[in-house]
Structures are given as C-alpha cells and as structure tokens.
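There are 2 protein chains.
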Amino acid sequence: MVTIKEIAELCGVSRGTVDRVLNHRGNVKAEKKELILKVAQEMNYTPNPAGRALAAQKMKPVVAIVMPSKGIGFFDAVIEAMEKAAKSYSMYGLQVEWYISKGYDVEVQCKQLSQLLGKVQAVILMPINDERVSTKIRHLTESGIFVITINNDIENSSRHCYVGTDYFNGGMTAGSLLQMINHGMLNIGITLGSLQILGHAQRLSGFRSALSHNPLAQIMAITEDQDDEMLSYEKNLEMLRKHPDINVIFAASSGGICGACRAIMTCGREKDITVIVFDTLPTTVEMMEKGLIQATIYQHPRRQGQIAMQIVFEYLVNGKKPERELNLLTNEIRIKENINTAL
Amino acid sequence: MVTIKEIAELCGVSRGTVDRVLNHRGNVKAEKKELILKVAQEMNYTPNPAGRALAAQKMKPVVAIVMPSKGIGFFDAVIEAMEKAAKSYSMYGLQVEWYISKGYDVEVQCKQLSQLLGKVQAVILMPINDERVSTKIRHLTESGIFVITINNDIENSSRHCYVGTDYFNGGMTAGSLLQMINHGMLNIGITLGSLQILGHAQRLSGFRSALSHNPLAQIMAITEDQDDEMLSYEKNLEMLRKHPDINVIFAASSGGICGACRAIMTCGREKDITVIVFDTLPTTVEMMEKGLIQATIYQHPRRQGQIAMQIVFEYLVNGKKPERELNLLTNEIRIKENINTAL
DNA sequence: TTGAAAGCGATACCAC
DNA sequence: GTGGTATCGCTTTCAA
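Chains as they are written, first to last, in our numbering: chain A, 1 to 343; chain B, 1001 to 1343.
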C-alpha cells in the first residue's frame, strides 16, 4: 500500500503538500499539483483508514437523525442498530443528535430540518413524501450537508443516497406469495400506514401488480391506519364488519399490524383469514406462532440502521463517497419456522 | 474514551508499563499490575482499533482458507466475499493463503491442516465431519491457532467459532414451506450432497421433522449426489424413473441442483413436480424464472465469507475475541419475485 | 522492572 | 506556496 510519505518522497515535496493536493485544499503550484495527482493515480493510492481515523478524531463531526417514528415498533430496531453503530464510531469523534418525533407532520419535519443548517455535517432522515420536505433537503445539500434517506425515500429530492428496501418489490413479493399459499378465491382487505409515506403507496402498487392477472383475486377495501395500533384496530374492525366476505388481510402498515390482528380476533375470524404482513415485531411473532399470521416480509431493520450510520461514518470520517446511491436490502419472506433470526 | 496514556498518568507509570499489563507481556510488579488492571477496568478501557491497527501492521499475520469446494457454485460467492474482505484488510497486514480443493476427502483435508502448523495464525475451514478432522483441529487450537468453521460445522471439535446457517432449521423451513404451497399428497424425492457433510444430514432431519405430522407426506427416496452436477443428473434421473409417483423434489444439495432440474426436464415432469432447493446460483435463478423451481432457501453466502474474515481480522489484528461462538445467519425464503438481491 | 522514544499514516497548523 | 512538526492511540525496542 502506498502512503502519502512515499508519494511525497517520489515527487520531491513534503507530506503537507501532498495532503493539500489530495484533499483539494489549494495553495499548491499547478505543476506540482499535477505531478502529485499523476503519481498518486499511478501508484493507486488509497488513504489508510486507520491513519485517517486517528487524525480525524478531533474534528468531531455531527450527524442528525430525523425520524417521525416515535411509537412505531418497527423503528425501535432501526434506531437501536444506529445507536450501537454510533457507539462504536464515537471513538472516531462522530457525534449524533436525535430528533425522534411522533406523527407524519410535514410542518414539523420541515422545522426540524431547518434547525440543522450550520449545526451538523450530515443528516439521516426518514422523509415524508412532500414537496416542502424535498425543498428543505435541497437547502441542506446545497450548503454541503450530506443527506441520507432511510427506510423510505422521497421523490425529486437531492438526497445523496437511500438505505432501505424496494417497496414495490415488497408488495409484489407479498402478493405473489399469497397466491402460492392460497389457491382459491381471494377477497382482500388492505390496511396501510399512510399513502403520504412513499413506501406504502409503492407497496400497494407492487401488490396490485402481482395480483393483476388473477381473476380470483379482488381488493375489497383499503384503509389507512396512520401506523397507529389503536386507529388500526378500529378501522380494520369497521372494514371486516362492512365486508364479511374478506378472507385475506394484507397489512402493509409499519405500525398497525397488531391492531389489525386484534380486529380479526374480535370478529372471530382467525381461522379463516389468510394474513400477510410486514416486519417482525414481537407481537407479530406471537401472532405467527399462534397461526393467525401466515407470513411476513422482513425488511432488515437493524441492517438499515447499521448501513446508514456506516455510510455517514465513511463519508464524514474517512472521506469516502458512498459506493451506490440506492442501498437496497432484500425483502425476505419469513414464516413461523425461520422468524427467529440470530444475525 | 479512555486511552493508555490516561491510565498511565493516573497510575503514575509509563505507557509502556500499562501496555505490558494489558497485553499480558509480564515484567511488571504485581502491585502495579493490579492497580493498572483495576483502573483500566473501572474506566472501562477499550483499545482504539485505529491506533492498534496502525501500530500492528508490521506483524503480518496469516490466515489460511481451507475449503474442499472447488467446482461447487455456491462457494464462489463465499470465496469472492472473503477475497473482497481480505483486500480491505490487507493494509492492516493481514495475509491470506488459499487451499481450495475438489472433493470431500478426509485424508486430503487432514493433510492440508497438518501443513499449517507453525505457518499461520488462523484458519477458516469448511470441515468434513469426521473424527480425524476434529483431531487435527484440536492440534491446531492447542498450538494457539485460531480456528473458524465456515458454512458447515463439525462435531466434537475445539474450533473457536462457527459461521453459517442452522441447517436443521433450514430443512424445517423448507419442509414447512412445502406444506404451505402444496396442500395435497406429497411423494418426495430427496437429493443431497453427502451425509458426510454435517449440514446436509441436519437438513434432512429438519425436513423430516417438519413433515412428521403430515399423513399425506412420504419420502420415497434419498440420493447422495456428492455436490456434483453430472452425478446428480444421473442419480436423480434414476430416482425419478424408479419412482414415477414422485411429485416433490427436495434438493438439499449444494452442488447438484442444476443436475436434478435437468433430470426433471428430461423426464418431462417440469409442470407437475414441486421443487424446493437451496441457494441462488445463476442456474437456480433461471429455473425459478422458468417456473421449474418454486422456492429456494437462501443462506447468505457473501455474508458468511465476510463475517468469517471479519472475525479473523478482529481477533488477529485488533485482539478482539469473537462475540459469540455460533454466528448463525437466517435461512431466507426466496421466490421468483425476491430472488434478485441487491445488498 | 521500568521508562523513554520511535514509528505507523494522515492531518492541522505554524513558520518561512 | 511550501516544509516542518506535533498529534491521534498503540506497539515495540532499547536503554537504564
């Protein structure tokens, strides 16, 4: 591995000069600069992360985590993984500020993002899919802040990258799986968090597309539960009573799955409804073990948090740009048998 | 974060002394030693990996990779991931020696392991489940070599840890899934690599256990294909011809899946046999897209390689013991829709 | 038994 | 514009 020192010797300059060139800090004569760049290129120079980390720890860069996810069980795992990663990066000077709020409120999110200007070097954001939010994101990126969207993406923004799943594919996988395990007539009731969350809308399209050629399948009703268990219980109860012929529940919600299951139990329909959901909250695992839920689509919550934090770390501390814009985790199918994941 | 320097100041000794205590290098008076250990404990000292890596890179530790997997497609991904990880660790001085051979031959594996004594500091091994191998492993660990089993474990050995899946669970998941997608009579033909590979035997038990309460299910025949596509084709063809009532193929093999599928096609049975397999080789993906294979159990080959290498790195370079003995990756269910994984 | 010092790679800052 | 130097945390070596 080539080091700055070696390059400096080869070029007959000091390490400081090489550093200035490699980090675009200016103040170097054009000819020297070009020589250094050429040599670095030829020798295939890559900075040693350990050296860099050691030197960088006085910089104390700050990352803000902005998630309107308070009270939604799925995100506990995401946040936990971020906390763990943050802890292991703390010795490199990386600092974290948390902005965890409750409810999908565009104004609140915009206000939170406004606060960050000048205070942080990076943001990890679960965005609400609204023009006003994407405008705010543009403000941030334009002033040099590194922005990652997590778990959900946003249209027409200038975020640097996205970490999460492909929601359309998630819906499609669920729809296709449903048809593998239930070969008969499918009268489907759907509950989802909010169509304002991009992912939920995409899930719905994916699910529809998987069913589109099945004449035995029809969607009877769709309800928005705001990812709130109480509301979900009420809305699903209402839906089940209004449509007693429903024999499938597709719960594409992040925070309303337990509520939907309780509604099914209230109606005494746990034996004859096929239920497919997302994620593996403790309550979901319980319902799977009971046989109420047949399958769930797992979205790697912990890896989402871990990867997002790692990308920020690599960028802020090691100066490494993310390898790809879309960091897509696979939609995994979990049934009773393989739900208890170890790693 | 506490540093050695701070501990040294607090204890009124030099950094060298603290280092000697913390790394059990002796030559420190008992009372000083105890004081230092106490202070380090109290202040919750953790060595800074960057500092350590920087200082340790002249040590050039060597890890050997021993896998009897040449020609088995599944392991390409495992090895690729190891190569990638090795490359990123090379700047910390970690060196790799590869011993990739063909065929499950106990003598060959023992000979390979014997060669390593005194030459390497760690071994990543896909073991053949035989007493002679576990004896060799004991020799290695007794002389201070760090041994990890990958992809398959071995009984009664003294390996430090295992990275791979829970095969019993994999078989059970497959068996359970089979009953979810096929509700009728199940006349099952099984092909697997070798009962000498612990994992394959465990898969079979898991699969059996999932079916044990289903009166409609029976195993018609089991064949060992030595993870060889040619052999698998022949054996499966023979099996299908001998048992024309087989309507399910459970391919628990690592390297005989394509062969089994070709046998099914040769018999013209691709429409009426339910096929469940393991892993996602390119040929497997093709067969899934064609509809010949209904589902596969994915075993995270890349993560297996990456994690094994990371554990070795942490141990050899950072001096960190592995967090757990069993590093179990989840058995994931993949169908046509979610087979193309991005990350 | 112990301390002091050099060195690993990168960076920041102060002199010139 | 530039070079020199201190620094980060840890290990190793040499001298006392």
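Quick reminder that beta carbons are idealized off the backbone N, C-alpha and C, glycines included. In this text, all values refer to a predicted model and were calculated from it rather than measured experimentally.
What did DSSP end up calling residue i once you bin it into helix, strand or coil?
i, result
"B:Met1067", "strand"
"B:Leu1281", "coil"
"A:Ala57", "Rather than Ala, the amino acid found at residue 57 of chain A in this sequence is Gln. If DSSP states are grouped into helix, strand and coil, A:Gln57 belongs with coil."
"B:Glu1332", "strand"
"B:Tyr1045", "coil"
"A:Val275", "strand"
"A:Thr141", "helix"
"A:Thr266", "helix"
"B:Glu1155", "coil"
"B:Thr1223", "strand"
"B:Met1001", "coil"
"B:Ile1246", "coil"
"A:Leu117", "coil"
"A:His24", "coil"
"B:Leu1292", "coil"
"B:Ser1209", "helix"
"B:Val1039", "helix"
"B:Gly1016", "helix"
"A:Asn182", "coil"
"A:Ile307", "helix"
Assign residue i to buried or exposed, taking buried as 16 or more other Cβ atoms, counted over all protein chains shown, within 10 Å of its Cβ.
i, result
"A:Ala295", "buried"
"B:Met1287", "buried"
"A:His200", "buried"
"B:Leu1125", "buried"
"B:Arg1046", "Correcting the residue identity first, residue 1046 of chain B is Thr in this sequence and not Arg. Flag for B:Thr1046 reads exposed."
"A:Met230", "exposed"
"A:Ser212", "exposed"
"A:Ser254", "buried"
"A:Asp225", "buried"
"A:Arg25", "exposed"
"B:Lys1119", "exposed"
"B:Arg1241", "exposed"
"B:Lys1136", "buried"
"B:Glu1034", "exposed"
"A:Gly175", "buried"
"A:Glu337", "buried"
"A:Leu357", "A question about residue 357 of chain A goes unanswered here, because the residues of chain A that appear run from 1 up to 343."
"B:His1300", "buried"
"B:Asp1166", "buried"
"B:Gln1121", "buried"
If contacts are defined as beta-carbon pairs under 8 Å, then residue i and residue j qualify, I think. What distance do you get, rounded to the angstrom?
i, j, result
"A:Gly172", "A:Ala210", "Inspection of the sequence shows that residue 172 of chain A is occupied by Met rather than by Gly. About 5 Å separates the two Cβ atoms, so the contact holds."
"B:Ile1150", "B:Val1133", "So it is not a contact: roughly 14 Å between Cβ atoms."
"A:Leu198", "A:Glu131", "Not really, about 13 Å apart at Cβ, beyond 8 Å."
"B:Val1277", "B:Ile1264", "Contact flag wrong, Cβ pair sits at about 11 Å."
"A:Lys32", "A:Thr17", "7 Å"
"A:Leu117", "A:Ser157", "Wrong, their Cβ atoms sit about 16 Å apart, outside the cutoff."
"B:Ile1004", "B:Arg1020", "That pair is no contact at about 11 Å."
"B:Ile1188", "B:Met1220", "6 Å"
"B:Ile1273", "B:Asn1236", "Their Cβ separation, rounded to whole angstroms, is 11 Å, which puts B:Ile1273 and B:Asn1236 out of contact at 8 Å."
"B:Gly1073", "B:Leu1281", "4 Å"
"A:His160", "A:Pro61", "Not a contact, Cβ separation roughly 15 Å."
"B:Tyr1233", "B:Gly1268", "Not really, about 15 Å apart at Cβ, beyond 8 Å."
"A:Ile297", "A:Gly170", "5 Å"
"B:Arg1203", "B:Ala1252", "4 Å"
"B:Val1285", "B:Ile1339", "6 Å"
"B:Ile1311", "B:Ile1148", "6 Å"
Residue i bridges to which residues according to DSSP?
i, result
"A:Asn187", "A:Gln218"
"B:Asn1327", "B:Val1163"
"B:Ala1252", "B:Leu1192"
"A:Ile124", "A:Ile65 and A:Ile148"
"B:Gln1095", "B:Val1062"
"A:Ile100", "A:Met67"
"B:Ile1297", "B:Phe1278 and B:Ile1333"
Quiz item: Pairing CB atoms from the region 1317-1332 of chain B with CB atoms from the region 1183-1192 of chain B, are three or more of them under 8 Å?
Solution: no
Self-check item: Sufficient close CB pairs (3 or more, under 8 Å) joining the region 1090-1099 of chain B to the region 1054-1061 of chain B
Solution: yes
Exercise. Could you tell me whether the region 295-305 of chain A touches the region 71-84 of chain A, where touching means 3 or more Cβ pairs closer than 8 Å?
Key: yes
Quiz item: Looking at C-beta atoms only, is the number of pairs between the region 108-127 of chain A and the region 66-82 of chain A that lie closer than 8 Å three or more?
Solution: yes
Exercise. Check whether the region 1002-1012 of chain B touches the region 1311-1325 of chain B, counting contact only when three or more Cβ pairs, one atom from each stretch, lie closer than 8 Å.
Key: no
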